Structure formats: C-alpha cells, structure tokens
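Undergrad:
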Amino acid sequence: MKAGQRRRHLQLLARPWLLPIMALTAVILSGAIGYRITEGWDWGDCLWMVLITISTIGYGEVEPLSQAGRLVTVLIIAGGLLVVQLTIQRVLGLSESGYFRQLREIRFRRLLRRMHDHVILCGYGRIGKEIGEQLLLENVQVLVVEMDPKRQRAAQERGLRVLQADATLDETLLEAGLDRCRSLVAALPSNAANLYVILSARGLRKSCRLIARADSDEAASKLELAGASVVVSPYVAGGRVMAATALRPIAVDFMDLLAGTDCEIEEFRLSRDPLLMSHLSHRSLAELALDRRSGAMLLAIRENNTLTANPSGSMTLAPGQMLVVMGSQDQLTAFRTILGDALDTVETMGGATHLNEPASG
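Take any residue in the sequence shown, count from 1 to its spot, add 12: that is its number in this note's numbering.
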C-alpha cells in the first residue's frame with residue numbers, strides 16, 4: 013500500500029477518537045495538578061489518585077484529603093462522567109455515519125492484497141453461481157466481482173468474498189488481484205460487458221488464463237479475438253450434454269461418476285529446455301510406458317494448438333508439449349516423478365469432466 017493511502021486510513025481510524033482521548037487526558041492532567049496544588053503530593057501519588065477516582069476502583073485515598081482536595085475529586089468524577097458520555101455519543105454517531113462499514117472495507121481491501129492464486133469471478137448470476145459452487149467444491153479461493161446488491165448478498169451467504177465494483181474497469185481488476193490470480197472468469201449476463209472485461213484483463217496481464225461466457229457464435233468469436241483463452245456458451249454446452257445423454261447415456265453416467273471420485277485430471281507442461289528433456293525427447297510412449305509405470309492414464313497430448321486425444325504408442329514426446337493425465341493423487345505423483353526435471357508446470361482440476369485448453373498469450 014502507498015504511504016499516503018496508509019496515512020489516510022490511519023487518520024480515518026483515529027479521527028473519531030481524538031476528542032474523547034484529549035478530554036480524558038485533560039481530566040487526568042488537571043486532576044493531578046489539582047492534587048499537587050491542594051495536597052502537595054508527588055506526581056506519582058497525584059496520578060494514582062486521579063486514575064483510581066476515574067476508574068471507580070476505590071482503593072481508598074492515598075492520604076486523608078483536605079476540603080480543597082475533596083473538591084478536586086468531585087471535579088475529577090464529573091469530568092470522568094462527561095468523558096464517558098462523550099465517548100458513548102461518539103460511538104453511536106460512528107454507527108450512524110458508517111464508520112464501522114469503512115473499517116470493514118479497509119480490512120477487506122487488506123485481505124484482497126494478500127490473496128493469490130485465486131479465481132476472479134465477474135458476475136454472480138445463474139451461471140456465476142454454479143461456477144462459484146464448483147470452485148468451492150474444489151477448495152479454490154474465489155473473489156466475486158458484482159454490482160447488484162442482491163447477488164452480492166447471495167454470494168456472501170455462500171461464504172464467498174465479494175468486491176462491489178464494476179468488473180469492466182481496469183482499476184477494479186487490479187484491485188481484485190489480476191496480477192496474482194490463477195484465472196479470471198467473465199460470467200456477466202451481457203456479451204458486451206464480458207468483452208470489456210476480457211479486453212481489460214488481457215491488456216493488463218498477457219499471460220492470465222481468461223474464461224468467458226458467450227450467448228452466440230458471433231459473441232464467442234469476438235471474445236476469442238479479444239484474448240479469451242476459453243469461450244463457453246451455456247446453451248451450446250447444455251445442448252451437447254443433453255444430446256450426449258440421449259445418444260450415449262452410459263458414457264455420460266461414467267463422467268458423472270468420475271466427478272464424484274478421488275480421480276483428478278492434471279495438465280503437465282513439459283519443459284522447453286532440450287537438456288531437461290533429454291531422457292524423454294523423441295522416445296515413443298510405448299517405450300516410455302508412462303501409463304504402466306505410474307498407473308495414471310494419459311488422455312491427450314497438446315502441441316502447437318493441436319490436441320491429440322488417446323495418443324498412440326508410436327507418438328513421441330517433445331519439448332513444450334502439454335500432457336493431460338487422469339488418475340488418483342498417488343498415481344499422478346508417480347507420473348510427476350517419472351517426468352522429473354522435464355516437468356515445467358502442473359495445473360490440477362479434481363474430478364474434472366471437461367478438458368480445458370491452457371491459457372494463451
């Protein structure tokens with residue numbers, strides 16, 4: 013945080029309490045001076061007498077008080093009561109002025125600055141709500157960016173963090189931690205709004221994985237041109253699932269069953285360094301026997317934007333390829349061990365039912 017912003021926050025926190033603190037300090041100092049003059053005590057005894065009088069502890073007098081000393085005590089008690097009344101009034105006024113709401117906002121923004129490897133979900137409508145539920149099941153940190161108060165409350169009731177702001181603005185995406193997030197999902201109800209979000213996000217961070225919702229093929233093509241890594245049409249995806257259920261019900265049931273198991277799908281990106289790839293390069297899958305040695309299943313290999321599903325045993329590995337592998341955690345760990353130094357990055361989706369293309373740009 014910038015020094016100026018931190019100073020403004022400190023001023024916001026301290027300003028309402030300055031008057032009560034100054035009033036209390038004035039009562040303490042005035043009382044101590046009064047005892048010093050009337051009783052002739054040392055400063056330690058004077059302050060002690062003032063403090064036990066204001067706090068109503070009632071330890072008793074340091075020494076018997078003169079008439080003037082008792083008058084000082086009465087004035088101290090009256091001053092203490094005034095300070096208490098002033099403090100109560102100030103607290104009630106703070107509640108009405110939104111002070112505590114501002115405190116929550118400051119704490120929330122501090123939390124935002126500490127978030128990393130999270131998913132930014134722009135929009136919490138019907139599609140956004142389902143996306144949020146799935147991400148919660150995966151124990152992924154989610155930050156919802158939403159303007160509508162009802163949708164904000166719905167997201168907060170599900171335990172999601174919500175940033176009330178316009179997702180199409182650059183400053184909103186930066187505040188949401190675009191530079192630290194794992195991906196951004198544009199699930200706003202408007203194609204135009206999603207296009208603005210993707211354009212802004214791609215301009216701010218070239219390497220970010222951006223997923224966008226589209227309601228038509230025309231909108232999907234524009235979102236891809238704007239820089240979306242993946243464009244999903246809920247209507248097209250829903251139609252395909254329903255058609256697949258009608259034609260291949262057993263296969264669909266299997267994918268649903270897979271989603272409820274401990275199986276995970278991981279994307280292993282191989283290093284582009286030929287030296288690190290020396291023990292794997294130009295060796296066939298049959299020769300490497302990755303499936304048999306690890307127990308995991310190699311589902312597909314992506315190279316140069318071409319995805320080869322169910323690769324044959326004659327296919328060879330090369331630097332920069334993306335291996336899509338399914339298995340249990342132990343099996344995937346074994347697969348990762350076999351790759352060794354040749355492994356560049358890993359992206360996991362537990363119980364996945366769809367293969368997502370990796371981020372472009």
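Backbone N, C-alpha and C define an ideal beta-carbon position, used for all residues, glycine too.
Since the model is a prediction, treat every value here as computed from it, not as a measurement.
Hey, is L181's beta-carbon within less than 7 Å of any beta-carbon in chain D?
TA: Among the chains of the structure shown, chain D does not appear; only one protein chain is present.
Undergrad: Identify, in the order they occur along the chain, each residue of the same chain with its Cβ nearer than 7 Å to the Cβ of T180, setting aside the five sequence neighbours on each side.
TA: For the purposes of this step, residue 180 is taken as residue 168 along the sequence shown, with counting starting at 1. If we look at T180 and ignore the five residues flanking it on each side, its Cβ neighbours are A205, Y208, V209, S212.
Undergrad: Write down every uninterrupted run of the alpha helix (DSSP H) in the stretch 90-149 whose length is 4 residues or greater and which is fully enclosed by it, in chain order.
TA: 111-126, 138-149
Undergrad: Going by DSSP, what residues sit across from E315 in a beta bridge?
TA: Translated into the one-based positions of the sequence shown, residue 315 becomes position 303. Per DSSP, T318.
Undergrad: Go ahead and pull the three-state DSSP assignment for M289.
TA: Locating residue 289 in the sequence shown gives position 277, counting from the first residue. Three-state result, M289: coil.
Undergrad: Please name the residue in E145, P161, E187, R192 whose C-alpha comes closest to that of G171.
TA: Taking the sequence shown and counting its residues from 1, one reaches residue 171 at position 159. For G171, the nearest C-alpha among the options comes from E145.
Undergrad: Please give me, in chain order, every unbroken run of the beta strand (DSSP E) with length at least 3 that falls completely inside the stretch 206-243.
TA: 221-225
Undergrad: By Cβ distance, which residues of its chain are closer than 6 Å to D353, with the 5 residues on each side in sequence left out?
TA: Here residue 353 is taken as the residue at index 341 of the sequence shown, counted from 1. Only L288 meet the Cβ criterion.
Undergrad: Have a look at P32, D160, L98, V253 and flag the residue whose alpha-carbon is nearest the alpha-carbon of Y136.
TA: As a working mapping, residue 136 is identified with position 124 in the sequence shown. Of the candidates P32, D160, L98, V253, the one whose C-alpha sits nearest the C-alpha of Y136 is D160.
Undergrad: Just the C-alpha distance for T301 and R125, rounded to the nearest angstrom, thanks.
TA: Here residue 301 corresponds to residue number 289 of the sequence shown, with the count starting at 1. Here residue 125 corresponds to residue number 113 of the sequence shown, with the count starting at 1. Residue 301 is actually Ala in this sequence, not Thr. A301 and R125: Cα-Cα distance of roughly 45 Å.
Undergrad: Do A312 and G12 count as a contact pair if the criterion is CB distance below 7 Å?
TA: Outside the shown range of the chain, which is 13 to 373, sits residue 12, and nothing can be said about it.
Undergrad: Which residues in the same chain as C193 place their Cβ atom closer than 6 Å to its Cβ, once the five residues preceding and following it in sequence are excluded?
TA: The sequence position of residue 193 within the sequence shown is 181, counting from 1. Excluding residues within five positions, the ones whose Cβ falls inside 6 Å are H130, I132.
Undergrad: Go ahead and pull the three-state DSSP assignment for M13.
TA: The residue given as residue 13 occupies position 1 in the sequence shown. Here the model assigns M13 a pLDDT of 46, short of 50, so the residue's position is not dependable and the matter cannot be decided.
Undergrad: Find out if the Cβ-Cβ distance for the pair I88, T65 is shorter than 7 Å.
TA: The residue you call residue 88 lines up with position 76 of the sequence shown. The residue you call residue 65 lines up with position 53 of the sequence shown. In this structure, T65 lies closer than 7 Å to I88 by Cβ.
Undergrad: Applying the 10 Å Cβ sphere with the 16-neighbour rule, what's the burial state of L237?
TA: On the sequence shown, residue 237 is found 225 positions in, with the first residue counted as 1. With fewer than 16 Cβ atoms within 10 Å of its Cβ, L237 is classed as exposed.
Undergrad: Could you tell me whether the stretch 317-324 touches the stretch 343-350, where touching means 3 or more Cβ pairs closer than 8 Å?
TA: no
Undergrad: By Cβ distance, which residues of its chain are closer than 8 Å to T328, with the 5 residues on each side in sequence left out?
TA: Within the sequence shown, the letter at position 316 stands for residue 328. Excluding positions up to five away in sequence, the list reads S293, H294, R295, S296, L297.
Undergrad: Could you check what DSSP says for E279 in three-state terms: helix, strand or coil?
TA: Walking along the sequence shown from the start, residue 279 turns up at place 267. The answer is strand: DSSP assigns E279 an E or B state.
Undergrad: Looking only at its chain, what residues have a beta carbon closer than 7 Å to the beta carbon of I139, apart from the 5 residues adjacent to it on each side?
TA: Locating residue 139 in the sequence shown gives position 127, counting from the first residue. Answer for I139: A199, R225, P246, listed in chain order.
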